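Reviewing the structure listed below.
Residue numbers (the numbering used here): 1 to 120.
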């Protein structure tokens with residue numbers, strides 16, 4: 001983990017693209033983005049149990065940043081918490097996939113129109 005003079009941490013392994021998102025300013029923010037990326041890219045399968053110790057080892061971060069990240073993901077309904085059972089990646093239902101596909105079709109058309117207009 002490398003930080004610059006301003007205390008920002010690099011995210012070399014982050015796969016999702018968000019040009020408006022600045023570099024994370026804290027370890028918990030870095031943990032949030034890394035875990036969220038694993039959930040969104042399905043590297044953490046829907047319905048699978050989240051092993052906090054494994055995430056800590058895999059990310060090379062401490063317990064507190066990972067816990068804060070998981071709490072934030074729970075607030076966003078990407079992680080489900082069941083007392084005395086553990087934390088699980090939220091399931092994806094068919095209705096959600098239909099909504100996502102519908103939005104994606106609109107966005108892809110808009111992106112194609114912008115690319116055509118801005119092409120040089």
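We put the CB at the ideal spot given by N, CA and C, even for glycine. Treat the numbers as computed from the prediction; the structure is a model and nothing was measured.
Residue i, buried or exposed, once every other Cβ within 10 Å from all chains shown has been counted against 16
i          : result
residue 28 : buried
residue 79 : buried
residue 65 : buried
residue 24 : buried
Span of the alpha helix (DSSP H) around residue i
i          : result
residue 52 : 52-59
residue 94 : 94-118
residue 28 : 27-40
Limits of the unbroken beta strand (DSSP E) element including residue i
i          : result
residue 79 : 79-82
residue 66 : Taken as a continuous stretch (DSSP letters only), residue 66 belongs to no beta strand (DSSP E), being part of the alpha helix (DSSP H) at 63-75.
Backbone CA spacing between residue i and residue j [nearest angstrom]
i          : j           : result
residue 93 : residue 100 : 11 angstroms
residue 77 : residue 68  : 14 angstroms
Check: Do the region 45-60 and the region 77-91 touch if we need at least three Cβ pairs shorter than 8 angstroms?
Finding: A contact is defined here as three or more CB-CB pairs under 8 angstroms, and the region 45-60 meets this definition with respect to the region 77-91.
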